[in-house]
Structures are given as structure tokens and as C-alpha cells.
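In what follows, a structure is listed as C-alpha cells, so that the remarks can point back to it.
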Amino acid sequence: MLRRILPWRLGGWLGLVLLLTALPASAGARQSARVVVSAASSLTDVLTQLVDLYEATEAAVRVELNLAGSNTLARQIIAGAPVDLFLSANVDEMRRLEAVGRVRANSWDALLSNQLVVVTPDDQPAPPRQLDDLRAAAVRRIAIGDPAAVPAGIYARQYLEALGIWDDLAGKLVPTRSVRAALAAVETGNVDAAFVYRTDAATAPRAVVAFEIPLAEAPAIVYPIALIEGSQNGTAAAAFLRFLRSASAKTVFEWAGFIVLASRGSAIVP
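For the sequence shown, counting from 1, position 217 maps to 269 in the working numbering; every step adds exactly one.
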């Protein structure tokens, strides 16, 4: 998999590599191993960087990322896809896997949180500045992750329904297969606005944040992580999970705009 270093992370790259070289290699990582991580598409850039950092010190381990919408990934895992670690953008998909025995009961852990924002094309002359502005006739199409399946869309719908304006905007909403697809629709000018995560907006050169959804008003956004039941690489997967909980990974997650949640410590050991 070709990985690239994002411009906003270049400044700290060297320091992080030096920091990670001081970390002791785990017992599982000393054996040649391949770890497959299925992760929500909103984690694409940050996980790509973290995998690069991890493999720089754990040379015997190859981490492969399978990135898509959380609901798509959950269906793949239920169907038997050879996955070792699942990082979802919402708790519902993790509970869905737990219910069918694909993750151990009560074994998943909450890793990250995020924030919803509304983005617009960077050349829009009069972008909306608050939620009520989305009702204006000038805003004709609003991209949103499919609110029946995509976590970012589900969170956005819950927020809009709580404020009583979902029905007012429903005719303008354009469902997409993932939050990244909603962002792409803004960057290509196919829509006037989109509900995405703050971290996605930070990666988009042709989109700007029009306004943020206050954390205190929005549904709690949780990215849970779990080892997959029946994984053939459980030890190596658990070692990578521990790395994602490390101080070094926390620094990278926070640079990318994620909120790192305290671990309950239940999903660390295979």
C-alpha cells in the first residue's frame, strides 16, 4: 500500500520516528506477522501515518488497512473476511459484531471521538455561518453520509432531529456511501455544503469549515476498537492495538484533530 506523508504532519515526523525507536519491540512483533485492520474511512490519513511509524520500528510486522464505511466493514467481517482488528466510527456496528460473536462480549474499547462540522467549497462567495443558513434557497444540495447506515450521517441526523429541523432540510440532503464521499462532493462542487467530521475537513484542500456543531449539543461520537474473534494473528494485532493506545499514537491522533478517549483496558490482551 502506498502511503504518503501529509503536509500538516511533516514538521513532527522526525521527532516521532526518534521517539518510536525508543519503544521496546513487543514479543508478538518479533515474529513475522501480517495484521489486517478494518477501519472507518474517516481514519484514512491518520492511520496511514501511524502504520508507517509502527512498521519503522516493528520491521517483522506488516499492517494492512482496509478502509471503508463502518457499516460496509461490519458486513464484511460478519461474512467472514480475514480481519484481525476493527476500528469503527460508531458503537452500533461494534455491538452488531458482538451480537453475532465476531468480537468477544464486552471486549471492545472506546478509542477516539470527533466533532461534526459543515463544510463548503472554498470558492463559495457567501457560505453559511450557522445552521439556520442551510435553509436558504442558495443552499440547494447538502451531502451527508447515508443517515441509515453511515455513522457521520447517523450522528448528523440525530442532531438535526433533536433541533427539529431535519424535515426542513430533508429535501436538500444527498446521501453518500461514506463521510469521505460527502467531503468529495463538496470539493468537486457537486453540492453546496456537507456534514463531515472536523478531521476530514482538515485533509481537504478545496473545502473550508463554514461552522462547527458544538460538542455539547451533538450526539457523542465514539470510535470503538476490538480484536476480531478467531483472528489468526491475535498477538500481533493486540500489539498494534497497544501501540494505538501509546503516548506516541495519541500525539498523532491529536495532531489530526481527534479526541483521544481514556481506555477501559478491556481489549488490549488477545
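Glycine residues also receive a C-beta, built at the ideal position from the N, C-alpha and C atoms. Note that this is a predicted model, so its numbers are computed, not measured.
CB residue i to CB residue j, shorter than 9 angstroms?
i: Ala245; j: Ala195; result: yes
i: Ile277; j: Ser140; result: yes
i: Ala253; j: Val169; result: yes
i: Gln167; j: Ala270; result: yes
i: Leu149; j: Ile280; result: yes
i: Phe247; j: Ala204; result: yes
i: Ser93; j: Ala120; result: yes
i: Leu163; j: Val304; result: no
i: Thr240; j: Ala234; result: no
What residue from the options has the CA that sits closest to residue i's CA?
i: Arg329; options: Phe247, Glu107, Gly205 and Phe138; result: Absent from the model: residue 329. The displayed extent of the chain is 53 to 322, so no value can be given.
i: Val202; options: Ser230, Gly223 and Pro180; result: Ser230
i: Tyr249; options: Gly197, Glu150 and Ala188; result: Gly197
i: Asn142; options: Ala91, Val103 and Asp97; result: Ala91
i: Arg258; options: Gly132, Ala237, Trp307 and Tyr275; result: Ala237
i: Ala308; options: Val98, Ser315 and Glu145; result: Val98
i: Gln101; options: Ala190, Phe295 and Met146; result: Phe295
i: Ala314; options: Gly282, Gln284, Val260 and Tyr275; result: Tyr275
i: Gly282; options: Tyr106, Val260, Glu110 and Ile129; result: Ile129
i: Pro177; options: Val103, Val260 and Tyr211; result: Val260
Which of the three DSSP states, helix, strand or coil, is assigned to residue i?
i: Arg114; result: strand
i: Val312; result: strand
i: Thr172; result: strand
i: Leu125; result: helix
i: Asp198; result: coil
i: Ala77; result: For Ala77, the pLDDT reaches just 44, beneath the cut-off of 50, and the residue's location in the model is therefore unreliable, leaving the point undetermined.
Can you find the residues in the same chain that come closer than 6 angstroms, C-beta to C-beta, to residue i, ignoring five residues on each side of it along the sequence?
i: Ile311; result: Ser165
i: Arg114; result: Arg86
i: Arg232; result: Ser93
i: Pro266; result: none
Apart from the five residues on each side of it in sequence, which residues of its chain come closer than 7 angstroms, Cβ to Cβ, to residue i?
i: Arg192; result: Lys224 and Asp244
i: Ile206; result: Asn142 and Pro199
Using a Cβ-Cβ cutoff of less than 8 angstroms, which residues in the same chain neighbour residue i once the five nearest sequence positions on both sides are dropped?
i: Arg209; result: Ile196, Pro199 and Trp218
i: Arg306; result: Before going further, note that residue 306 is Glu rather than Arg in the sequence given. Once the five neighbours on either side are set aside, the close Cβ partners of Glu306 are Val312.
i: Arg187; result: Ile217, Asp220 and Leu221
i: Thr73; result: Any reading at Thr73 needs caution, since the residue's pLDDT is 41, under 50, leaving its predicted position unreliable; the model's value is listed next. Taken in chain order, the residues that qualify are Ala108 and Thr109.
Report yes if the C-beta of residue i is less than 8 angstroms from at least one heavy atom of the ligand ADP; otherwise report no.
i: Ala85; result: No copy of the ligand ADP occurs in the structure displayed, which carries no ligand at all.
Decide yes or no for the touch test of the region 115-127 against the region 166-176: beta carbon pairs closer than 8 angstroms, at least 3 of them.
no
Would you be able to state if there are at least three C-beta pairs under 8 angstroms between the region 201-221 and the region 298-314?
no
Does the count of Cβ pairs from the region 182-189 and the region 155-162 closer than 8 angstroms reach three?
Using a Cβ-Cβ distance cut-off of 8 angstroms, the region 182-189 and the region 155-162 are not in contact, since fewer than three pairs of beta carbons, one from each stretch, lie closer than that value.
Is it true that the region 127-137 meets the region 85-101, where meeting means three or more beta-carbon pairs spaced less than 8 angstroms apart?
yes
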